[in-house]
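full-length UniProt numbering applies: residue 1 is where the sequence shown begins, and numbers increase by one. What follows is a set of notes on a single structure, which appears directly below.
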Amino acid sequence: MKLPTKVFALSGISLALTFIALSHIEIVSPAQGVVDVTNSTLQIKSPSVGYVSNIYVDSGSSVKVGQPLIAFANQDLIYKTKSLKKSIANLVQKSNRLEIEICSTTKLMEDLSHDKSEYVSVFKDCNIRPNQISSVDAFVWKASDFNKYKLNVKELATEKKREADLIRENMLLAEAKISRMTKHDAVKLQVESAEQELNNMRQSLSLNDAEVLKLQMEVSSKKNSLFNEFSQKMMASTEQYQRAIDDADVARYELQLYELKIKRSTINSPIDGVVLSLEKNVGHDYYLGESEPIMILKRLSKNMGVTAKFATKYRSSINVGMRVSVMPTLAGNKETFSGAITHISEDSFEDEKTQKKTRYYKVKIKPDREIAFSEGTEVMVYALGEEVSVLDYVSSVFITNKTVFEPYEIKK
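Shown next, in the form of C-alpha cells:
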C-alpha cells in the first residue's frame, strides 16, 4: 500500500509543479525616484512672421488662460485673404452662370427633340429672367429663330404641295384628253403635242417634290446643327462648371488656412501665471520672425511629477507610455498612485551616489491625478510590464546566471 501512496504523492507534486511553471507572473521593473516640479516656466515664440501691432502685457503682469499676450499683423496674409475672397466670389458667380447655361441648353435640346412651338419656358424652368444672362438669351433667340424658319419652310412646303396637287389634277385631265384624241383618231401632231405637255407636267411634279424634300432636309439639317451646338455648349459649360467648383473649394481651403494663420497672429496665454520677462527688442512695429522668442511665462500652480532612475538592465523593459505604480517611501505611508512614462533619456548616466559604478536612465513620469506629496519626496517606482510564465522566468535565471526581470507583487 505504501508504493501506490508514494506514486500518487509524486504525481500530485508533478502536477503542482507543472501548474506553477505554466502559471504567469507580472514582470515589474523597479526604480528609485523623487517628486519634483515639471515645466514651471514656458517660453512663448512667434508661430509666424509679421509686424507687432499690439502688446497687451509687460514684465510682471499676471495672466490667465486665453488672455491675449501679443498681436502682430502679416500684411502678406491679409492681402492673400482679400484676394482669395474676391476670387471665391468670382468663381461662385461663374459657377452660377454656368449652371444656368447647363440648365438652359439641356432644356432647349429637350424642346428641340419634341418640336416645341416656343422656347420662352426655358426662363421659368431655369429660374431666371429674360435679359438676365446674355448667353441664355442668345440660345433662346437661336432656337426661336429656327422655329420661325421652320414655320416659313412649312408654309412654303404647303404651297408646293398645293402646286403638286394642281399639277396632278392637270395631269389627269391631260391623260384623259390624250385618250380621247387617240380614240377619235385625232391628228398625230396634236396627240404628240398633248403628250409633250403631259411630260412637262410630270417634270414639274418631280421638280416640285424634289424642292419639298430639299426643304425638309434643310430643316432637319439646321435642327441637327442647332442641337449639336447646344450639346457642345452644354458639355463645355459642364466641364467649366466642375472646374470652377473645384477651384472654389481649393480657394476656400487656402482661405481657411490663411484665416487660421491670421487668427494665430494673436497669441493667447496657455497658462495661469505671470510674465517673467519680455524680449528687449519686441515692441510696436517690430518685425517678428518665425519661432522667434517673445516672452517667458511662469506658472502660478505647481505641476508635480516624478523623476526616476531605472538601472540600465531594465532599459529594454520600459518604454514611453508604459504604466507605472508609484509608492512614496514615507514612514507609515500606504498610499500609491498610478501614472505613465512620458520621457526616457537617450543616454545613460553614472550613479555617483553608489559605490559601485552603476549606470541608469533618467525617466519622467506624469501622475494620473494631482498628488499631495511635497517636492523632494522619495518614491519607489514600479514599471508594469508584460506577463511571463514562471518557467520562462526560471530559465532566464539559469541561462544567464542572473534575472533579466524582477517579479514584484504590488500591494493594494
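The beta-carbon is built from N, C-alpha and C at its ideal position, and this holds for glycine as well. Just so you know, these numbers come straight off a predicted model, no measurement behind them.
Spell out the partners DSSP gives Y360 in its beta bridges.
A311 and F349
Three Cβ pairs or more, each shorter than 8 Å: is that satisfied between the stretch 39-51 and the stretch 260-278?
yes
Would you report the Cα separation of A244 and Y258, rounded to the nearest angstrom?
21 Å
Under 7 Å: does the beta carbon of V363 sit that close to some heavy atom of the ligand MN?
The model on display carries no ligand, and the ligand MN is accordingly not part of it.
Do you know how far the Cα of V34 is from the Cα of N303?
In a straight line, the C-alpha of N303 is about 14 Å away from that of V34.
So does the stretch 75-85 actually touch the stretch 249-258, counting three or more Cβ pairs closer than 8 Å?
With a cut-off of 8 Å, the stretch 249-258 and the stretch 75-85 count as touching, because enough Cβ pairs lie within range.
Residues near K94 in its chain [Cβ-Cβ closer than 7 Å; skip 5 each side]
A244
Quick one: using the 10 Å Cβ neighbour count with 16 as the cut-off for buried, is F349 buried or exposed?
It counts as exposed.
Inter-stretch contact (C-beta, 8 Å, three-pair minimum) for the stretch 284-301 and the stretch 122-135
no
Determine, using beta carbons only, whether L226 and F146 come nearer to each other than 8 Å.
yes
Is it the case that the Cβ atoms of S53 and A31 are separated by a distance below 8 Å?
no
For V65 and T307, I'd like the C-alpha separation in whole angstroms.
27 Å
Thinking C-beta only, is A340 closer than 8 Å to S29?
no
State the DSSP-derived secondary structure class of D36, mapped to helix, strand or coil.
strand
Beta-carbon within less than 6 Å of P47's beta-carbon, same chain only, minus the 5 sequence neighbours each way: which residues are those?
R264
From the DSSP secondary-structure annotation, give me the bridge partner or partners of S62.
V274
Length-filtered (4 minimum) alpha helix (DSSP H) runs lying within the stretch 113-180:
The stretch 113-180 contains these whole alpha helix (DSSP H) runs: 121-125.
Kindly identify the DSSP beta-bridge partner or partners of T342.
T342 pairs with nothing; no bridge assigned.
The beta strand (DSSP E) enclosing N54, as first and last residue numbers
G50 to I55
Between the stretch 160-170 and the stretch 129-145, are three or more C-beta pairs nearer than 8 Å?
no
Check whether the Cβ atoms of T106 and M234 sit closer than 8 Å, and answer yes or no.
yes
Is S237 closer than 8 Å to L98 when the C-beta atoms are compared?
yes
Measuring alpha carbon to alpha carbon, tell me which residue in T266, S338, L297 and T377 is nearest S61.
L297
What ranges does the alpha helix (DSSP H) occupy inside the stretch 61-114, keeping only unbroken runs of at least 4 residues that lie completely in it?
75-113
Between the C-alpha atoms of N199 and E101, what's the straight-line distance to the nearest angstrom?
55 Å
Count the other CB atoms within 10 Å of the CB of A143; is the residue buried (16 or more) or exposed (fewer)?
buried
K362 and T342 look like a contact to me (Cβ under 8 Å); what is the Cβ gap, rounded to whole Å?
T342 and K362 do not touch by the CB rule: their CB atoms are close to 12 Å apart, not below 8 Å.
To the nearest angstrom, report how far apart T377 and L330 are at their CA atoms.
8 Å
Using DSSP's beta-bridge definition, name the partner residues of A289.
For the record, residue 289 in the displayed sequence is Gly; it is not Ala. Beta-bridge pairing links G289 to no other residue.
So for A383, helix, strand or coil by DSSP?
strand
Would S325 pass as a contact of T336 if the rule is Cβ separation under 8 Å?
yes
Rounded to whole angstroms, what is the Cα-Cα separation between L260 and T266?
10 Å
Enclosing beta strand (DSSP E) for L42 [first to last residue]:
T41 to K45
Out of curiosity, what's the CA-to-CA distance linking A372 and T358?
32 Å
Alpha carbon of E110 to alpha carbon of A71, nearest angstrom
60 Å
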